[in-house]
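Visitor:
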Amino acid sequence: MQVAGLAACLSAGLLVATTLAGGVLAADTTTTETTTIPETTTETTSEPTTVFTTATVEQTTTRQVILPAATTTSSSSSTGDTPAWVWVLLGVLAVALVILIVLLARRPSGGIAPAERRRRLDGAVASWTMQGWALESQSTDSAVLQRAGERLIVSVDPTGQVATRPV
6 MQVAGLAACL SAGLLVATTL AGGVLAADTT TTETTTIPET TTETTSEPTT VFTTATVEQT
66 TTRQVILPAA TTTSSSSSTG DTPAWVWVLL GVLAVALVIL IVLLARRPSG GIAPAERRRR
126 LDGAVASWTM QGWALESQST DSAVLQRAGE RLIVSVDPTG QVATRPV
């Protein structure tokens, strides 16, 4: 889940950077020309006449024209040459870094201090001795208790959990 959130942030940043840096392409262009050609004819019995012939030529031309990305000007005093998509990418990376730090900070730690483990073991042993169990031996993270031929091991794991099991 944590890795999926980080991947989603990075993907969104790449999408925004690609959108801002991509060019714009022109569409198909259709042109129509009309040409008028005058013709003069003469007949032997009549006056000269002029006949106009009109021809319409339709031609479709497809051209790919790459236009530069739209730019805006601002009245700020900074004259940096850094494109906007670089700033967007840096912003997305900064957000991803903050998310990564938060996820690492929320991760469970490697354990509790040895003094705290010893205190929890002493508390568990005291509880069992009040119930009639006698302490046979004890180390820094475990103790062996006995009562009427039964033996019991009380231990504290590195995360501080107390466990009890018969021997």
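With our numbering as the guide, the letters of the sequence shown map in order to residues 6 to 172. From the three backbone atoms N, C-alpha and C, an ideal C-beta is built for every residue, glycine too.
Confirm, please, whether the CB-CB distance from Val-149 to Ala-129 is below 8 Å.
Guide: The count along the sequence shown starts at 1 and reaches residue 129 at position 124. The count along the sequence shown starts at 1 and reaches residue 149 at position 144. Not in contact: Ala-129 and Val-149 (Cβ atoms no closer than 8 Å).
Visitor: Can Gly-18 and Val-97 be called in contact, C-beta distance under 8 Å?
Guide: As a first step, residue 18 must be located in the sequence shown, where it is residue number 13. As a first step, residue 97 must be located in the sequence shown, where it is residue number 92. Contact flag set, yes.
Visitor: Rounded to whole angstroms, what is the Cα-Cα separation between Phe-57 and Gln-64?
Guide: Position 52 of the sequence shown, counted from the first residue, corresponds to residue 57. Position 59 of the sequence shown, counted from the first residue, corresponds to residue 64. Computed Cα separation, rounded: 23 Å.
Visitor: Among Arg-111, Arg-170, Gly-165 and Ala-118, which one has its Cα closest to the Cα of Glu-155?
Guide: Residue mapping note: residue 155 aligns to position 150 of the sequence shown, counting from 1. If you compare the alpha carbons of Arg-111, Arg-170, Gly-165 and Ala-118 with that of Glu-155, the shortest gap goes to Arg-170.
Visitor: Can you tell me whether Ala-148 is helix, strand or coil according to DSSP?
Guide: Reading the sequence shown from its first residue, position 143 is the one you call residue 148. Three-state result, Ala-148: strand.
Visitor: May I have the straight-line CA-CA distance separating Leu-72 from Gly-116, to the nearest angstrom?
Guide: One-based indexing of the sequence shown puts residue 72 at position 67. One-based indexing of the sequence shown puts residue 116 at position 111. When rounded, the distance between both Cα atoms is 60 Å.
Visitor: With 16 other CB atoms within 10 Å as the buried threshold, where does Arg-122 fall?
Guide: One-based indexing of the sequence shown puts residue 122 at position 117. When all chains shown are included, Arg-122 counts as buried.
Visitor: Where does Ala-153 fall in DSSP's three states?
Guide: Stepping through the sequence shown from its first residue, residue 153 is reached at position 148. In the structure shown, Ala-153 sits in coil (DSSP, three-state: anything other than H, G, I, E or B).
Visitor: Between Ala-22 and Pro-119, what straight-line distance do the alpha-carbon atoms span, to the nearest angstrom?
Guide: Sequence index remark: in the sequence shown, residue 22 carries index 17 (1-based). Sequence index remark: in the sequence shown, residue 119 carries index 114 (1-based). So the alpha carbons of these two residues sit roughly 50 Å apart.
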